[in-house]
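In our numbering, the protein residues as written are 2 to 90.
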């Protein structure tokens with residue numbers, strides 16, 4: 002997977018994982034991580050948002066579970082990455 006499209010897909014997967022990990026911690030608007038979180042949120046929300054609207058999170062024990070990152074990661078693994086590999090990209 003050395004083609005730029007493949008590289009970008011892998012990078013996007015990493016950014017989704019970073020968003021999931023950042024969502025576990027409270028982030029103050031004044032903290033150094035706030036700008037990182039805003040960037041990660043801005044890059045991932047256009048893809049995660051529509052999925053979240055179709056399949057909202059589930060409340061468990063007073064906490065909300067958002068399945069949209071899992072769905073996007075599965076779609077990337079099942080649909081997009083094999084297409085890229087088949088195209089030789």
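Ideal Cβ placement from N, Cα and C applies to all residues, glycine included.
Residue i in three-state terms, based on DSSP
| i | result |
| --- | --- |
| residue 65 | strand |
Residue range of the alpha helix (DSSP H) that includes residue i
| i | result |
| --- | --- |
| residue 48 | 34-55 |
| residue 24 | 5-24 |
| residue 83 | 82-87 |
Spatially closest choice to residue i from the options, by CA coordinates
| i | options | result |
| --- | --- | --- |
| residue 72 | 84, 53 and 88 | 53 |
| residue 44 | 32, 14, 28 and 87 | 14 |
| residue 42 | 31, 78 and 24 | 24 |
| residue 74 | 11, 40 and 5 | 11 |
| residue 20 | 38, 34 and 30 | 38 |
Where residue i falls, given that 16 or more other Cβ within 10 Å makes a residue buried
| i | result |
| --- | --- |
| residue 69 | buried |
| residue 76 | exposed |
| residue 22 | exposed |
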